[in-house]
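Each residue of the sequence shown is one higher than the one before, counting from 29 in the numbering used here.
Ideal placement from N, C-alpha and C gives every residue a C-beta, glycine not left out.
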Amino acid sequence: MNFKLLILFLLVFSLVSCLNGKIVTINGEGIDSDYFNDVYALSGGGMSKIQFFNDVMIPDEILFIEAKRKGIEEPTSLEIEKVITDFGGDSLKENTGLSNSKLKELVKKKIIVAKLLIKVLPPPLVTDDEINQFYSRVENLPSGTSRADVHLLLTKAKSEMLKRDYVLSIVSNYKIEIAGNVEELLEN
Numbered sequence: 029m030n031f032k033l034l035i036l037f038l039l040v041f042s043l044v045s046c047l048n049g050k051i052v053t054i055n056g057e058g059i060d061s062d063y064f065n066d067v068y069a070l071s072g073g074g075m076s077k078i079q080f081f082n083d084v085m086i087p088d089e090i091l092f093i094e095a096k097r098k099g100i101e102e103p104t105s106l107e108i109e110k111v112i113t114d115f116g117g118d119s120l121k122e123n124t125g126l127s128n129s130k131l132k133e134l135v136k137k138k139i140i141v142a143k144l145l146i147k148v149l150p151p152p153l154v155t156d157d158e159i160n161q162f163y164s165r166v167e168n169l170p171s172g173t174s175r176a177d178v179h180l181l182l183t184k185a186k187s188e189m190l191k192r193d194y195v196l197s198i199v200s201n202y203k204i205e206i207a208g209n210v211e212e213l214l215e216n
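Dropping the structure here:
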């Protein structure tokens, strides 16, 4: 009897770890390691792949699916080109190694997610008190750091917190299946 349970467990684990070549599926939409590597390349790779997978990729994919569900309109080709140009244009393509079509596809998804967040989240407000508290808590700020720099930094941090909280509020609506060997798949 125990042997049969072991075989059943191994069979189920191997099915979950493969996910038909996908590293994760969210509500049945699969993501393979090639797509992950493209998104990771676009990000600039400032964190480990597994941290990026957990902290950026999965939340952004959930937000993209949520945006489609809420009927967020797709960006125009001009909007996509503007974002690509604003972030370096040809040098962005060279640095990421992405084809023009893949780059446009990824930027399109990022714009759709941004439109969703603008629609569902309040704008992050930073007060003078928060800026003053930041100055009193942080020692050794680089010389030339202005209040505007601190305001921008705090606004970005608040935006990320609002985004994280929103994802946490909707994640229970999504079925997420992660390959059992995801770390191995991300490194290959």
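By the Cβ neighbour-count rule, leucine 144 is buried, with 16 or more other Cβ atoms within 10 Å of its own.
Looking at Lys191, Ser71, Ile54, the one whose alpha-carbon comes closest to that of leucine 126 is Ser71.
In this structure glutamate 89 is in contact with isoleucine 54, their Cβ atoms being roughly 5 Å apart against a cut-off of 8 Å. Sequence-distant partners of tyrosine 63 (beyond 5 residues in either direction) whose C-beta falls short of 8 Å from its own C-beta are missing from its chain. Per DSSP, threonine 53 is one residue of the beta strand (DSSP E) stretching across 50-54.
Rounded to whole angstroms, the Cβ separation of tyrosine 194 and valine 148 is 6 Å, and the two are in contact under 8 Å. Within the DSSP bridge table, the entry for glutamate 205 names Thr53 as partners. Per DSSP, reduced to three states, the secondary structure at isoleucine 100 is coil, with no helix or strand assignment.
For phenylalanine 80, the CB contacts under 6 Å within the same chain, skipping 5 residues up- and downstream, are Tyr68 in chain order. Leaving aside the five residues that flank isoleucine 159 on each side, the residues in its chain whose CB is nearer than 8 Å to its CB run, in chain order, Arg175, Val178, His179, Leu182. It is roughly 7 Å from the alpha-carbon of asparagine 128 to the alpha-carbon of lysine 121. Using a 10 angstroms sphere on the CB of valine 135, the tally of other CB atoms reaches 16 or more, which defines it as buried.
Here the alpha carbon of threonine 104 sits roughly 45 Å from the alpha carbon of glutamate 167.
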